[in-house]
Amino acid sequence: MKHFVRLAIIGFLIIGAYTALCATADPNHIFPNTTVNDIDISGMTLEEATAALKADADARRQASEFTISFENDNYTVNVREALTLDYKTAAENAFKEGHSGFFSRGLARIKSLITGNHIDCPPVTKNAEKLHSSLKSSGLLEAFTAVKNTYKIQDEKLLVTVGAAQRPDESKLNKELMKAVQTKDYNRVIPCPTISDDTANLERVHQEVYKEPANSTLDRNNNYAVTEAVVGVDFDIDNAKKLLSELSEGETAKIDLIYTQPEITAQNLKDRLFVDNLSSYTTKVSGRSNRLTNVRVAAEKCNGKILLSGDEFSFNGAVGEQTAEAGYKPAGATLNGKPVQAYGGGICQVSSTIFAAALFANLEIVERWEHDYVSSYIAAGMDAAVAWNELDFRIANNSIYPIIIDVIYSDGYLTVTIRGTKTDDSVVKIQTKNIDSSAPNTLEVLTYRNVYTKDKSQHFTEEIAHSAYISR
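Here the sequence shown is numbered in our numbering, starting from 5 and rising by one per residue.
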């Protein structure tokens with residue numbers, strides 16, 4: 005019985021002592037003998053520890069310039085912009101030790117006194133591209149040992165001679181750099197890990213040999229001079245790697261080159277440039293002198309625009325903002341269905357006439373808007389409304405040849421002619437169709453483009469526009 009009482013007393017004393025230890029553990033400060041990356045943060049608040057670890061992280065990044073040795077040469081690599089150390093999380097984890105619950109504090113306090121709490125927060129690459137850029141700018145990634153694969157082009161074949169080169173192993177080197185930052189080993193010269201270059205060098209060979217085929221076109225930066233076409237060059241890189249893997253150092257593989265001829269040569273372009281009238285459309289211009297002036301100014305700004313293959317024409321981009329300084333006059337226009345006087349009133353006749361010509365030239369219509377009312381100078385469904393900074397009219401040259409847009413205002417008529425190079429015998433017809441409208445006082449019109457072959461068999465039909473006008 006006495007033995008049991010003695011054990012109970014000892015147990016109560018231990019529990020009491022442990023409870024006292026838990027109660028006296030400081031809830032606002034990190035326990036003794038606590039380090040993060042060898043920085044002693046014992047007794048600090050969470051805010052103080054975060055600041056101390058941030059200062060250490062900043063110092064590590066600032067000092068992160070290393071010397072890498074490769075083939076008897078040294079390369080200087082600065083990696084500070086590519087690194088990050090999560091000092092905030094490290095400080096929070098250190099603070100949580102022993103602060104997560106009342107009775108856990110005691111064990112954490114005992115552990116801190118006996119073994120301590122030592123946390124490693126290794127640096128990581130936050131921006132792989134910047135790290136790669138740092139290595140590349142040092143010149144290290146261009147270095148090789150011994151003899152790398154060499155090549156030459158002969159008799160329309162790629163001749164690759166197998167070398168015995170080693171190149172920097174970027175992945176392993178990155179790990180070595182992170183390790184050096186972690187240990188603050190800034191002064192040691194780091195030997196560069198290497199990897200066999202063998203067939204991997206074919207990737208570089210492919211980059212140097214490969215050429216994308218390119219048609220002859222016009223150089224807009226050189227007064228639209230005719231450029232030379234480019235013959236495409238390629239080879240089967242997987243087959244080439246297989247061939248090289250079967251050879252020994254010094255042996256040569258013959259790899260077939262694949263040549264792709266361009267569709268348009270320089271001579272072909274010179275002979276056929278702008279020789280065909282793809283379409284022409286004319287509208288009668290009427291109105292007061294200010295409106296006629298606006299039509300003339302807009303026509304002159306659009307005249308002679310050249311679109312290379314894939315280029316877009318923006319009407320607003322061509323004519324600019326309608327101001328007095330730009331030569332425009334106040335004339336009749338429509339705003340929210342009501343007649344108003346506005347600078348540039350009437351220029352929609354130019355955009356509409358270009359739209360009609362573009363339809364017949366089978367060009368891509370990128371953006372087009374209808375007017376509030378049917379225009380007097382062109383049929384419903386054939387107009388193109390524009391408003392500076394709000395509505396634009398845009399077309400794209402979907403031909404492989406350049407085109408030029410001629411916009412001529414003369415003797416009361418506006419004529420748009422689109423010249424280019426016909427590549428087929430297709431014929432374009434435009435159809436407009438009125439449809440029933442559920443809205444009152446509204447005229448709805450569908451615009452279709454029908455493309456036929458020369459023998460009149462239909463090729464395809466596409467809906468170009470759905471217009472809704474206020475009935476007058």
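Every residue gets a Cβ at the ideal spot worked out from N, C-alpha and C, and that includes glycine.
This structure is a prediction, so every number in the text was calculated from the model and none was measured.
First and last residue of the uninterrupted alpha helix (DSSP H) at residue 323: 319-323
Note down the Cα distance separating residue 323 from residue 304, rounded to an integer number of angstroms. 9 Å
Reduced DSSP category for residue 457 - H, G, I as helix; E, B as strand; rest coil: coil
Is it the case that the Cβ atoms of residue 307 and residue 407 are separated by a distance below 8 Å? no
So the alpha helix (DSSP H) residue 243 belongs to, where does it begin and stop? 241-249
Hey, out of 233, 207 and 229, whose CA is closest to residue 216's CA? 233
Measure how close the beta-carbons of residue 356 and residue 382 come, nearest whole angstrom, since I'm counting them as under 8 Å. 5 Å
Look up residue 326 in the DSSP assignment and say whether it is helix, strand or coil. coil
Whole angstroms are fine: how far does the CA of residue 365 sit from the CA of residue 427? 12 Å
Under the DSSP definition of a beta bridge, which residues are partnered with residue 238? 262
Can you confirm whether the stretch 281-289 touches the stretch 414-433 when touching is taken to mean that 3 or more C-beta pairs between the two stretches lie within less than 8 Å? yes
Where residue 107 falls, given that 16 or more other Cβ within 10 Å makes a residue buried: At residue 107, the pLDDT of 46 sits below 50, so the modelled position is not reliable; the number obtained from the coordinates is stated separately. Classification for residue 107: exposed.
Paired residues, beta bridge with residue 345 - DSSP: 336
Is the closest heavy atom of the ligand NAD to the C-beta of residue 349 under 7 Å? This structure lacks the ligand NAD, and indeed carries no ligand of any kind.
State the DSSP-derived secondary structure class of residue 468, mapped to helix, strand or coil. strand
Short of 6 Å in beta carbon distance, which residues of its chain neighbour residue 409, apart from the five on each side in sequence? Order them along the chain. 309 and 422
Contact under 8 Å by Cβ, residue 176 with residue 197: yes
For residue 53 and residue 67, I'd like the C-alpha separation in whole angstroms. 21 Å
Bounding residues of the alpha helix (DSSP H) (the contiguous stretch that carries residue 93): 91-100
Of all the options 174, 241, 317 and 144, which has the alpha carbon lying nearest to the alpha carbon of residue 77? 144
Please report the Cβ distance between residue 390 and residue 351, rounded to the nearest whole angstrom; I am assuming they are in contact, meaning their Cβ atoms lie under 8 Å. 7 Å
Here's a check: name, in chain order, each residue in its chain whose Cβ is nearer than 6 Å to the Cβ of residue 379, leaving out the five neighbours to either side. 387
Would you mind giving the Cβ-Cβ distance between residue 237 and residue 266, rounded to the nearest angstrom? I have them listed as a contact below 8 Å. Going by Cβ atoms, the distance from residue 237 to residue 266 rounds to 12 Å, so no, they are not a contact pair.
Report the residue ranges of all beta strand (DSSP E) runs contained in full by the stretch 428-458; include only those spanning at least 3 residues, in chain order. 431-439 and 446-456
Through-space distance from residue 259 to residue 457, alpha-carbon basis: 44 Å
What are the start and end residues of the alpha helix (DSSP H) that includes residue 354? 352-364
Please confirm whether residue 58 has its beta-carbon closer than 8 Å to some beta-carbon of chain D. Of the chains in the structure shown, none is chain D; there is only one protein chain.
Would residue 94 pass as a contact of residue 121 if the rule is Cβ separation under 8 Å? no
With a CB to CB cut of under 8 Å and the five nearest residues on each side skipped, what residues in its chain are close to residue 166? 153, 202, 248, 251, 252, 253, 254, 255, 256 and 257
Bridge partner(s) assigned by DSSP for residue 136: Beta-bridge pairing links residue 136 to no other residue.
Can you give me the start and stop residues for the beta strand (DSSP E) that residue 183 sits inside? Unbroken run through residue 183 is the alpha helix (DSSP H), 174-186; no beta strand (DSSP E).
Would you tell me roughly how many angstroms separate the C-alpha atoms of residue 25 and residue 39, rounded to the nearest one? Note that residue 25 scores a pLDDT of 49, beneath 50, so its modelled location is shaky; the value from the coordinates is reported in the next line. Those two C-alpha atoms are separated by around 22 Å.
Segments of 4+ residues assigned as alpha helix (DSSP H) that fall wholly inside the stretch 270-323: 270-276, 293-306 and 319-323
Please check the pair residue 142 and residue 79, which I expect to be a contact at CB under 8 Å, by giving their CB distance rounded to whole angstroms. 4 Å
Burial state of residue 396 (16 or more Cβ within 10 Å): buried
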